[in-house]
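Residues 6 to 83, numbered by our numbering, are exactly what the sequence shown covers, in order. Heads up, the thing below is written out as structure tokens.
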Amino acid sequence: GARNEIFAMKPAPIQVSYMGFPGTTGATYIDYLVTDEFVSPLQYAHIYSEKIVHLPHCYFVNDYKQVCFYELVMEKLG
């Protein structure tokens, strides 16, 4: 759903990724990552291909109401 093949063609002069993925895309065609200081601390900015932009007073919220469609069994996972 991210449509990275479109972003790779650089249709906009500045391209920004939001917190849909909790880490760097590693893509040279994404200029900025809008995130928070908990998910993407500035001490790790050197490993991101994007420039980090922190939203103040924010935390990347997860949706814990979604249900897993299958049972995770340790024996099956190895």
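Cβ atoms here follow ideal geometry from the backbone N, Cα and C, with glycine treated the same way.
Could you spell out where the alpha helix (DSSP H) holding residue i opens and where it closes?
i	result
I52	Run containing I52: none; DSSP gives neither H nor E here.
L77	Here L77 belongs to no alpha helix (DSSP H), and DSSP marks it neither H nor E.
F12	N9 to A13
State the Cα-Cα distance for the pair residue i and residue j, rounded to the nearest angstrom.
i	j	result
I52	T29	8 Å
L47	I57	8 Å
E42	F65	9 Å
T33	S54	6 Å
P61	E80	42 Å
P27	T40	8 Å
May I ask which residues mark the beginning and end of the beta strand (DSSP E) holding residue i?
i	result
I57	K56 to H59
T40	Y37 to T40
By a C-beta neighbour count over all protein chains shown, 10 Å radius and 16 as the cutoff for buried, is residue i buried or exposed?
i	result
I35	buried
L38	buried
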